[in-house]
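Residue numbers (the working numbering), protein chains in the order written: chain A, 8 to 292; chain B, 4 to 171.
Virtual Cβ for every residue (Gly too), placed ideally from N, Cα, C.
Read the structure below first, then the notes.
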């Protein structure tokens with residue numbers, strides 16, 4: 008059994024015991040590691056200590072139940088092995104930035120899911136494989152200038168058709184693709200909710216009056232820039248890494264329900280390979 | 004792996020320690036994890052202050068002690084101590100911690116080369132000790148580093164001894 012397989016089994020064990028009084032020693036024994044070696048290997052594989060991961064997953068699942076609004080907070084707290092409401096509230100606020108009561112209130116108030124992208128998902132073997140390669144990528148906090156985008160906006164996930172249409176529109180305007188910097192801007196405010204994507208190039212001088220092109224300006228602000236390596240299908244893993252692993256253990260938090268993919272200057276349609284994902288963030292006071 | 008059973012009298016150790024998950028900040032076999040940083044602190048102290056540290060029993064041998072506390076099995080946090088054996092106590096700086104290990108019977112396993120970074124505690128608990136018909140006291144273990152240990156970058160040429168206290 009290699010370490011990825013062993014730690015993937017540990018993740019399964021943790022999921023099966025979120026509501027049980029399980030400790031790190033039991034996780035280690037379940038996958039035939041010593042406590043010492045398990046703690047070291049789990050951290051290397053997931054970038055979380057095992058106990059921290061367990062607590063974050065408990066809070067994540069509890070947070071979903073708090074949002075549903077059907078059960079008493081104290082019952083949810085006990086279900087996820089928090090001994091009293093105070094401990095639950097403290098852990099909840101540490102992970103999600105608000106008290107459970109406020110979380111429930113925000114959820115009931117609007118259609119935007121509070122803390123979306125903060126609820127720690129269950130990590131899988133695919134995440135561990137991705138992380139194994141992600142380690143040297145080194146995300147960066149950076150100030151980026153305002154960005155004028157011109158492109159095609161689409162709802163849903165048929166991005167390939169949007170790229171096709173963008174190139175068609177550019178050709179109709181007599182504009183060549185070569186040497187231009189391409190971007191996507193993707194907005195999604197709730198888990199499983201509507202996704203809006205703009206495929207675009209950085210240019211404010213294109214006449215958008217006649218065709219299907221639209222313009223959008225992203226103001227200058229602070230971003231977390233995460234290098235993405237792999238296919239477009241792997242993007243969800245890079246986003247999980249950025250939102251739930253890197254940011255959740257940093258002094259920064261995501262502040263807006265969108266991100267930008269920066270493909271740089273490319274002579275072909277962006278696709279497999281290497282590009283950057285940029286998330287608007289702010290420093291946590 | 005070589006094994007022997009030894010009786011040791013009570014031991015006095017002086018050194019530095021910390022309690023927590025040693026891999027919280029970094030997980031690799033590197034000086035950047037908490038254990039590596041502990042050793043750096045202790046070795047820097049020894050270099051600067053050792054002339055004041057008398058009664059050292061074996062100056063060329065260092066000890067890394069792992070102590071399990073009440074919450075260790077729950078949280079994975081434990082105490083790690085890096086230090087040296089002394090024959091008697093003396094006044095030391097406030098940052099120095101003293102450990103008194105009781106007289107005990109120990110299983111001593113000598114690890115060589117890649118065995119050092121393998122999961123030897125698991126192998127010890129599930130293979131070595133059962134094969135010897137022995138049970139360990141689940142309170143602490145220590146590793147003794149002497150001239151045979153050449154460093155993590157010369158693992159193949161290195162050996163160290165692991166001391167495991169046994170149930171009476």
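Would you identify the three-state DSSP class for residue 20 of chain B, choosing helix, strand or coil?
-> It is a strand residue.
On the DSSP bridge assignment, give the partners of residue 139 of chain B in chain order.
-> Residue pairing by DSSP places residue 139 of chain B opposite B:169 in a beta bridge.
Which whole-angstrom value describes the C-beta separation of residue 45 of chain A and residue 57 of chain A, a residue pair presumed to lie in contact below a C-beta threshold of 8 Å?
-> For a cut-off of 8 Å, the C-beta gap from residue 45 of chain A to residue 57 of chain A is around 7 Å, short enough to register as a contact.
N-terminal and C-terminal residue of the alpha helix (DSSP H) that residue 46 of chain A is part of = Segment 42-53, the alpha helix (DSSP H) holding residue 46 of chain A.
Residue ranges of each alpha helix (DSSP H) run of no fewer than 4 residues wholly in the segment 138-179 of chain A, ordered along the chain?
-> If we require 4 residues or more, the alpha helix (DSSP H) runs fully inside the segment 138-179 of chain A come out as 166-179.
State yes or no: is the C-beta of residue 78 of chain B within less than 7 Å of the C-beta of residue 58 of chain B?
-> No; because the gap between Cβ atoms is not below 7 Å, this pair is not in contact.
Minimum C-alpha distance to residue 47 of chain A - residue among B:163, B:49, B:27, B:116 = For residue 47 of chain A, the nearest C-alpha among the options comes from B:27.
With 16 as the cutoff for other CB atoms within 10 Å, does residue 101 of chain A come out buried or exposed?
-> With fewer than 16 other beta carbons inside 10 angstroms of its own, residue 101 of chain A counts as exposed.
Just the Cα atoms here: how many angstroms apart are residue 108 of chain A and residue 64 of chain A?
-> If you take the alpha carbons of residue 108 of chain A and residue 64 of chain A, they lie about 19 Å apart.
Counted within 10 angstroms of its Cβ, other Cβ atoms place residue 269 of chain A as buried (16 or more) or exposed | By the 10 Å Cβ count, residue 269 of chain A comes out buried.
Please state whether DSSP places residue 79 of chain A in a helix, a strand or coil.
-> In the structure shown, residue 79 of chain A sits in coil (DSSP, three-state: anything other than H, G, I, E or B).
Per-residue contacts from residue 122 of chain B into chain A (C-beta, under 7 Å) = Listed by position along chain A, the residues whose Cβ is nearer than 7 Å to that of residue 122 of chain B are 40, 41, 44.
Helix, strand or coil: which one does DSSP assign to residue 78 of chain B?
-> Residue 78 of chain B: helix per DSSP, three-state reduction.
Cβ separation of residue 254 of chain A and residue 243 of chain A, assumed to be a contact under 8 Å, to the nearest whole Å | With a Cβ gap of about 15 Å, residue 254 of chain A and residue 243 of chain A do not count as contacting.
Option in A:159, A:131, A:248 with minimal Cα separation from residue 285 of chain A = Minimum Cα distance to residue 285 of chain A is reached at A:248.
Nearest CA to the CA of residue 15 of chain A: which residue from A:49, A:42, A:30, A:194?
-> Of A:49, A:42, A:30, A:194, the residue nearest in Cα terms is A:49.
Relative to the C-alpha of residue 98 of chain B, which residue among B:45, B:166, B:128, B:76 is closest?
-> With distances taken between Cα atoms, residue 98 of chain B lies closest to B:45.
DSSP state of residue 124 of chain B mapped onto helix, strand, coil | It is helical.
Work out the CA separation of residue 6 of chain B and residue 116 of chain B for me, nearest whole Å.
-> The alpha-carbon atoms of residue 116 of chain B and residue 6 of chain B are separated by roughly 16 Å.
For residue 222 of chain A, write down the residues that DSSP places opposite it in a beta bridge.
-> Partner(s): A:157.
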